[in-house]
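Novice: Heads up, the sequence shown is in the numbering used here, so the first residue is 442 and it goes up one at a time.
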Amino acid sequence: MSRFTLPRDIYHGKGALEALKTFEGKRAIVCTGGGSMKRGGFLQKVEDYLKEAGMEVELFEGIEPDPSVETVMKGAEAMSKFQPDWIVAIGGGSPIDAAKAMWIKYEYPETTFEDMCKVFGLPKLRTKAKFCAISSTSGTATEVTAFSIITDYSKGIKYPIADFEITPDVAIVDPELAHTMPKKLVAHTGMDAMTHAVEAYVSTANCDYTDPLAIHAIEMIQEHLVKSYNEDMDSRDAMHNAQCLAGMAFSNALLGIVHSMAHKTGAVFADLGAHIIHGAANAMYLPKVVAFNAKDPVAKQRYGVIADYMHLGGSNDDEKIELLIKYLRKMNDDLNIPHSINHYGPDGLPADQGFVPEDIFLERLHDIAANALLDACTGSNPRQPSQEEMEKLLKCCYYDTDVDF
Ligand SMILES: NC(=O)c1ccc[n+]([C@@H]2O[C@H](COP(=O)([O-])OP(=O)(O)OC[C@H]3O[C@@H](n4cnc5c(N)ncnc54)[C@H](O)[C@@H]3O)[C@@H](O)[C@H]2O)c1
Ligand SMILES: [Zn+2]
């Protein structure tokens with residue numbers, strides 16, 4: 442038996458934010474990040490609409506990018522004081538993910554972070570509150586997914602919490618929120634969405650319900666991401682939908698080792714003063730993983746189908762895969778994303794000398810690879826790498842060398 446779960450309602454299109462006016466409840470806590478939603482006037486709108494719906498509203502602001510376990514615990518405390526029956530999270534993946542984890546702790550105060558990380562092991566939520574997610578970036582699709590990514594900074598590791606219990610009740614996908622994204626954020630989040638769709642399509646958990654969503658998302662991202670990056674606002678709107686479709690696919694089909702590697706390299710060099718931003722990590726690793734996974738015959742055929750839908754040409758699967766890799770790399774060039782960690786600057790842009798020195802990378806390689814193998818996304822990857830292969834793959838991602846194993 443398989444399960445396919447999405448939010449009960451997805452409000453989409455310009456003005457979708459107004460759906461908040463129809464919510465029924467007594468108290469809503471609004472969780473958000475560092476200020477982009479306030480500056481854009483969206484936070485005020487959310488507050489106004491919820492008040493119009495007759496609710497008392499409290500704000501929990503300042504959730505940082507790549508949110509920490511500590512922030513989750515603080516937010517849950519605010520929730521237990523205020524006792525909301527609606528949790529409304531607005532912003533990028535970070536504040537929405539943090540709010541999802543806060544929700545678990547609010548409903549079950551005894552739960553530890555370790556408990557939360559047991560894959561598909563959460564108790565029933567919604568005994569106290571329902572959850573609405575409003576995305577302002579076009580990438581993570583956390584507004585429709587069963588995932589939340591929280592960083593344990595004491596270990597430098599990002600942990601995915603995975604359970605359909607945290608699939609939001611309501612998603613609001615209003616493209617106006619994405620208009621204020623700076624170009625770099627468009628690039629990174631857009632390639633995150635592309636990775637979601639490609640990984641979902643070749644995942645071992647793919648199915649008839651997820652395939653059309655993944656393929657249509659890939660087609661839309663091919664058509665619109667670079668245009669959106671170059672400030673075409675119609676394409677920006679289309680990308681907001683495309684990333685959500687990719688999310689519907691991967692929330693049910695799961696992901697693969699591009700994400701395992703991104704999760705385990707993201708914060709592990711934080712002591713050097715920077716993160717490898719999630720979407721940029723995916724963008725760099727995806728072409729390498731396509732080459733690695735293509736040794737699996739089913740994955741190979743499926744990448745071939747993706748290349749066909751993208752009209753890349755090629756007369757057999759080997760040629761199609763080569764063209765797909767070339768195309769993804771060209772997208773990175775068009776979006777000013779580096780190809781490898783050794784050229785990943787502290788600001789996420791290509792640099793002659795990346796912020797991760799070779800000796801430190803090699804010193805930490807064994808542990809990063811071991812952690813990536815243990816990541817929740819590894820199980821559904823079409824080809825299971827050994828420790829040695831994972832290390833080799835990560836080296837290809839560091840030096841930008843070809844994957845020939
Ligand atoms: N839950 C999931 O299914 C899932 C999937 C993929 C990634 N993630 C996680 O999500 C996080 C990344 O989320 P993200 O890429 O959406 O970025 P983010 O939420 O970390 O935000 C990045 C920055 O962009 C700003 N920002 C957000 N929206 C903006 C807008 N419209 N205009 C201007 N600035 C804006 C934020 O204030 C922040 O400074 C990572 O922790 C990643 O691991 C989660
Ligand atoms: Zn992702």
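Cβ coordinates follow ideal geometry from the N, Cα and C atoms, glycine included.
Does DSSP put T630 in a helix, in a strand, or in coil?
Specialist: Note: T630 maps to helix in three-state DSSP.
Novice: Look up G532 in the DSSP assignment and give the residues it is bridged to.
Specialist: In DSSP, G532 forms a bridge with S576.
Novice: Given this structure, state the Cα-to-Cα distance separating G495 from S535, to the nearest angstrom.
Specialist: Distance between the alpha carbons of G495 and S535 is about 28 Å.
Novice: Counting along the chain, where does the alpha helix (DSSP H) carrying D556 start and finish?
Specialist: Residues 554-557.
Novice: May I ask you to report which of helix, strand or coil DSSP gives A571?
Specialist: A quick correction: the sequence has Lys, not Ala, at residue 571. If DSSP states are grouped into helix, strand and coil, K571 belongs with the strands.
Novice: Starting from R468, follow the beta strand (DSSP E) in both directions and report where the run begins and ends.
Specialist: Taken as a continuous stretch (DSSP letters only), the beta strand (DSSP E) holding R468 covers 468-473.
Novice: Which class does H453 belong to by DSSP, given the choice of helix, strand or coil?
Specialist: If DSSP states are grouped into helix, strand and coil, H453 belongs with the strands.
Novice: Can you find the residues in the same chain that come closer than 6 Å, C-beta to C-beta, to T636, ignoring five residues on each side of it along the sequence?
Specialist: Here the set comprises V699, N723, L727.
Novice: Is it buried or exposed for E640, if we count other Cβ within 10 angstroms and need 16 for buried?
Specialist: Under this definition E640 is a buried residue.
Novice: Just list the residues that DSSP pairs T592 with in beta bridges.
Specialist: T592 is bridged to S509, K599.
Novice: Helix, strand or coil: how does DSSP classify F523 here?
Specialist: In this structure, F523 counts as helix in the three-state DSSP scheme.
Novice: Following a CB-centred definition, is T819 positioned closer than 7 Å to any heavy atom of ligand 2?
Specialist: No; taking the cut-off as 7 Å, the Cβ of T819 has no heavy atom of ligand 2 nearer than that.
Novice: Of the choices Y768, E672, I598, A517, whose alpha-carbon is the least far from that of G707?
Specialist: That would be I598, whose Cα lies nearest to the Cα of G707.
Novice: For G731, name the three-state secondary structure that DSSP assigns.
Specialist: In the sequence under discussion, the amino acid at residue 731 is Val, which differs from the Gly named in the question. Reduced to three states, the DSSP call for V731 is helix.
Novice: Would you call D604 buried or exposed, if buried means 16 or more other Cβ atoms sit within 10 Å of its Cβ?
Specialist: So D604 ends up on the buried side.
Novice: Suppose contacts are defined by Cβ-Cβ distances below 8 Å. Is N777 in contact with P787 by that definition?
Specialist: Against a cut-off of 8 Å, the Cβ pair of P787 and N777 comes out as no contact.
Novice: Strictly by DSSP, which residues pair up with P411?
Specialist: For the chain, the structure presents residues 442 to 846; residue 411 sits outside this window and is missing.
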